[in-house]
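Colleague:
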Amino acid sequence: AKFSLKIFDDVVLKNADYVNLVKSEPYTLETYYMGTVDKNNKVNFYDGDIRIVDPVGKEFVKFAPSKYLDIIEEHVEPWTYVKLPYIKKVGWKGLVGGSNSGIYRVGPLGRLNASEGMATPLAQNQYERMYKTLGGRPVHATLAFHWARLIELLYAAERSVELVTDKGITNGDIRNKPGKPGEGVGIVEACRGTLIHHYQLDENALAKKVNLIVATTHNAPGICMSVKNAAQGLIRNGKVSDGLLNMVEMAFRAYDPCFACATHFAIGEMPLEVKIFDYEKQLVKTVRR
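Heads up: the sequence shown begins at 1000 in the numbering used here, then just goes up one per residue.
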């Protein structure tokens, strides 16, 4: 983790052009943010409440996993199998950012923005450095997902040391006896973001109803907007090159997306198509991979 952060420091942070790219408008998107926190509002991957902050960093709501249906709604569009989640109380306003839109983001940057710090010292130092470098909390720079990912890697390493030296790890309580089949909601922070698993079982403990909202589903609206912003911000004077694909891909690669997860479809591919329209919305060029 330290080695990776050192490379990031030497290659990215010491290069003004890279830092300016991270901060640039085509890769900036103001949204709400969501992540799991402990009782001190520090990042936690496995246990705690779910915290949402607004685009200026103020706590909007904190809730127990079992209450997620009171907080989150999913919008459906005919052009995608992926549902588009949003905050119920704010509402669905379309694929737009800002405090009046219920769109939120999860994942490494989402967790850090939704928290008030890291629970380990070295990660906390990096947390403070990131926000100082990028202008304070919350950070809306989509490419900062990569920096946040490295900070979480350091936190995970520190936390692993804490866990393996905890005497409780060798106690005899290694299995919870199953109770009566019923209904349950579990939320955990995966690498790419928040996972919500909701199961209803019958008397034989067979699933009769399942609802999953996975990380890429949470981030789907943000991914759509990030791709659009990158394409609109990077095209100049109607000139389009194959290199545009890489620049646009940077916008959604930052989310570490899994569209097979989000669509619940196992056979995934990675084709990419960019359609360029002029100011009259006439198709002028298509670039495919």
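C-beta atoms are modelled at their ideal positions from N, C-alpha and C, and glycine is treated no differently.
Only a predicted model underlies this, so the values are computations on that prediction, with no experimental measurement involved.
(1) Taking Lys1208 as part of the beta strand (DSSP E), name the residues at either end of that continuous run.
(2) Would you call the stretch 1143-1156 and the stretch 1105-1124 touching, i.e. three or more CB-CB distances under 8 Å?
(3) Counting contacts by CB-CB distance shorter than 7 Å, is Thr1119 in contact with chain D?
(4) If we call anything under 7 Å between Cβ atoms a contact, is Ile1049 one with Thr1035?
(5) Bridge partners of Pro1084, per DSSP?
(6) For Glu1161 and Ile1051, I'd like the C-alpha separation in whole angstroms.
(7) Less than 8 Å between the CB atoms is what I'm expecting for Ser1098 and Pro1054, so what's the real figure, rounded?
(8) Quick check: what's the CA-CA separation for Glu1127 versus Asp1008?
(9) Helix, strand or coil for His1217 per DSSP?
(10) Please name the residue, chosen from Leu1121, Lys1131, Val1138, that lies closest to Ala1155 on a Cα-to-Cα basis.
(11) Say whether the stretch 1250-1266 touches the stretch 1222-1241, bearing in mind that this needs 3 or more beta-carbon pairs closer than 8 Å, one atom from each stretch.
(12) In the DSSP assignment, the beta strand (DSSP E) including Phe1062 goes from what residue to what residue?
(13) Take the Cβ of Tyr1085 as the centre, count every other Cβ of all protein chains shown within 10 Å, and call the residue buried at 16 or more, exposed below.
(14) Kindly identify the DSSP beta-bridge partner or partners of Ala1189.
(15) Tell me the residue span of the alpha helix (DSSP H) that contains Glu1161.
(16) In this structure, how does DSSP classify Tyr1198 when only helix, strand and coil are distinguished?
(17) Suppose the cutoff is 7 Å on Cβ atoms and the five residues either side in sequence are ignored; what does the same chain contact list for Glu1311 look like?
(18) Would you call Asn1112 buried or exposed, if buried means 16 or more other Cβ atoms sit within 10 Å of its Cβ?
(19) Which same chain residues end up closer than 6 Å to Gly1096 when comparing Cβ atoms and leaving out the 5 residues on each side of it in sequence?
(20) Based on the DSSP secondary-structure assignment, which residues constitute the bridge partners of Gly1183?
(21) Helix, strand or coil for Tyr1017? Go by DSSP, reduced to three states.
(22) Can you tell me whether Thr1035 is helix, strand or coil according to DSSP?
(23) Once DSSP output is grouped into helix, strand and coil, what is the label at Ile1006?
(24) Relative to the C-alpha of Leu1152, which residue among Ala1015, Pro1025, Asn1019, Asn1043 is closest?
(25) Between the alpha carbons of Lys1082 and Val1138, how many angstroms are there, rounded?
(26) Compute the Euclidean distance between the alpha carbons of Ser1159 and Glu1115, then round it to the nearest angstrom.
(27) Within 10 angstroms of its Cβ, does Val1213 collect 16 or more other Cβ (buried), or is it exposed?
(28) Taking buried to mean at least 16 other C-beta atoms within 10 Å of its own C-beta, is Pro1025 buried or exposed?
(29) Please classify Cys1260 as buried or exposed, where buried requires at least 16 other C-beta atoms within 10 Å of its C-beta.
(30) Per DSSP, which one or two residues make a beta bridge with Arg1104?
(31) Roughly how many angstroms lie between the CA atoms of Leu1233 and Lys1131, to the nearest whole one?
Modeller: With the structure as the only source:
(1) The continuous beta strand (DSSP E) containing Lys1208 extends over residues 1206-1212.
(2) The stretch 1143-1156 is in contact with the stretch 1105-1124.
(3) Of the protein chains in this structure there is only one, and it is not chain D.
(4) Taking 7 Å as the Cβ cut-off, Ile1049 and Thr1035 qualify as a contacting pair.
(5) Note: Pro1084 is bridge-paired with Glu1073 in the DSSP secondary-structure output.
(6) Rounded to the nearest angstrom, the two C-alpha atoms are 27 Å apart.
(7) About 5 Å separates the two Cβ atoms, so the contact holds.
(8) Here the C-alpha atom of Glu1127 lies approximately 15 Å from the C-alpha atom of Asp1008.
(9) Correct three-state label for His1217: helix.
(10) Of the candidates Leu1121, Lys1131, Val1138, Leu1121 places its Cα closest to the Cα of Ala1155.
(11) Result yes; three or more Cβ-Cβ pairs closer than 8 Å.
(12) Going by DSSP, Phe1062 is part of the beta strand (DSSP E) stretching over 1058-1062.
(13) Here Tyr1085 is buried. Its C-beta has 16 or more other C-beta atoms within 10 Å.
(14) When beta bridges are read from the DSSP output, Ala1189 appears opposite Gly1192.
(15) Note, Glu1161: alpha helix (DSSP H), 1144-1163.
(16) In the structure shown, the three-state DSSP call for Tyr1198 is strand.
(17) In this structure the chain extends from 1000 to 1288, so residue 1311 is not present and cannot be described.
(18) Buried, by the Cβ-count rule.
(19) Residues Leu1028, Glu1029, Thr1030 of the same chain have their beta carbon placed closer than 6 Å to that of Gly1096, with the five preceding and five following residues left out of the count.
(20) For Gly1183, which the question treats as bridged, DSSP gives the partners Tyr1198.
(21) The answer is helix: DSSP assigns Tyr1017 an H, G or I state.
(22) Here Thr1035 sits in strand by DSSP.
(23) For Ile1006, the secondary structure class from DSSP, reduced to helix, strand or coil, is helix.
(24) It is Asn1043.
(25) Rounded to whole angstroms, Lys1082 to Val1138 spans 25 Å at the Cα level.
(26) Cα to Cα, the separation comes out at about 21 Å.
(27) Residue environment analysis places Val1213 among the buried positions, since at least 16 neighbouring C-beta atoms fall within 10 angstroms of its C-beta.
(28) Flag for Pro1025 reads buried.
(29) Answer is buried; the Cβ neighbour count reaches 16.
(30) According to DSSP, Arg1104 bridges with Tyr1032.
(31) Cα to Cα, the separation comes out at about 27 Å.
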